[in-house]
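Okay, structure first, notes after.
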Amino acid sequence: MSSRLAGAAIAVIGGDDREVVLVSELVKMGADVRVAGISKLAENKSVQCFKKIEDAVKGVRFVILPMPGIDENGFVRAKYSTEPLLLDKSTMLSFNDDSVMIVGFARPLLKKLASERGVKIVEIAEMDEVAILNSIPSAEGAIKMAMEATDITLHGSNVIVIGFGRCGVTLARMLAGIGAKTSVVARKPKDHARIREMGLTAFTYEQLKDVIGAADIIFNTVPSMVLDREMLKTANTEVYICDIASSPGGVDFTAAGELGINAVLAPGLPGKAAPKTAGLILAQVIPGLIAAELMDTSSLSNSGLQ
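Numbering-wise, numbering that gives the first Met the number 0 puts 4 at position 5 of the sequence shown, and it's gapless, one number per residue.
Next up, the structure:
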């Protein structure tokens, strides 16, 4: 057992199987771990289990929320909670003054609550060491969904990947590797050069309307409206669209339904496709962030500035 986090009090709030894996790894590192809304860990004698957020965070400096944080009403996604987990202004009063909240991405409400309470937020979803590794289970999950939703092989099919960010790169590479005729829509000239270097076809967003009609499958990775009603009208009605961008995605799903197009929003794929791997990714990154915060506090204390 490692002593990397010995003495660190950490509360893990809600989540899914990723957090179950993360908790196990934090315990191995010597942390004092408390959880709220993870009934699956009720029999684990190495952690303290609570039903309410307020009880879990008392006296705790580090609070880990699920990757999506809270919704617009303040509720925490909690697969194994026996009751709703609400994080609101009243709940925040139970946080320590020096609390550090670690979350995938913080929506406006969470930022507002943290700011009012003076709690520091560390967002990790866009950190390369998280996003690049998370792109692997995301891509695998999206490909699995496409395989199950269509009656054709990906090999030899016409596939369009919209966006060439971290998920787009991984997804395009995997699709090409299994023989799909892969085109990628990207904005930057340097991305077009890389796409061509990979042996794939590059298009601009302006060219999408001219090529979308030939696509059998479309994967969107861009979190802004790309496939609107007018664009969808030019698509093949038998096309399958898998949107893996963060909610609300980049597809007009109402229009897709009215046009008879099978389009789905697939958020949180790492936790669904490969929760153990996704949990271990979190366990590779989060302890380092906590250790850095502890070191900073120690340095301030030693210098007499705290």
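Glycine included, C-beta positions come from ideal geometry on N, C-alpha and C. Note that the structure is predicted; figures quoted are calculated from it, not measured.
Pick from the options that is closest to residue i, judged by C-alpha positions
i: V158; options: G58, S45, T200 and M224; result: T200
i: M146; options: T276, I216 and E42; result: I216
i: C48; options: V75, V19, M28 and I69; result: V19
i: I101; options: V129, K189 and R228; result: V129
i: R106; options: I123, K51, D96 and L226; result: I123
i: A190; options: F104, L85 and A171; result: Rather than Ala, the amino acid found at residue 190 in this sequence is Asp. Ranking F104, L85 and A171 by Cα distance to D190 puts A171 first.
i: K208; options: G103, R186 and T233; result: T233
i: T253; options: T276, R228, I151 and G212; result: R228
i: N95; options: S223, M126 and V62; result: V62
CA-to-CA distance, residue j to residue i, given in whole angstroms
i: G176; j: I240; result: 20 Å
i: I37; j: A282; result: 17 Å
i: G140; j: V59; result: 35 Å
i: Q206; j: I120; result: 40 Å
i: D251; j: I161; result: 15 Å
i: I131; j: R165; result: 6 Å
i: K44; j: G178; result: 49 Å
i: T149; j: R33; result: 43 Å
i: G248; j: V263; result: 10 Å
i: L84; j: P188; result: 45 Å
i: E142; j: K27; result: According to the sequence displayed, residue 142 carries Ile and not Glu. Roughly 34 Å between the two C-alpha positions.
Local conformation of residue i per DSSP, three classes
i: T236; result: coil
i: A141; result: helix
i: T200; result: strand
i: A265; result: coil
i: V56; result: helix
i: E128; result: helix
i: R195; result: helix
i: Q206; result: coil
i: S300; result: In this prediction, S300 has a pLDDT of 48, which is less than 50 and means its spatial position is unreliable; nothing more can be read from the coordinates.
i: N157; result: strand
i: G14; result: strand
Exposure label - residue i; buried when at least 16 CB within 10 Å
i: N72; result: exposed
i: D97; result: exposed
i: A7; result: buried
i: G278; result: buried
i: T236; result: exposed
i: R17; result: buried
i: G14; result: buried
i: S114; result: exposed
i: M66; result: buried
Anticipated Cβ contact below 8 Å, residue i with residue j, distance rounded
i: V238; j: A214; result: 5 Å
i: S137; j: L268; result: 4 Å
i: L64; j: V75; result: 6 Å
i: L40; j: A290; result: Wrong, their Cβ atoms sit about 23 Å apart, outside the cutoff.
i: I52; j: T90; result: 5 Å
i: I9; j: A30; result: 5 Å
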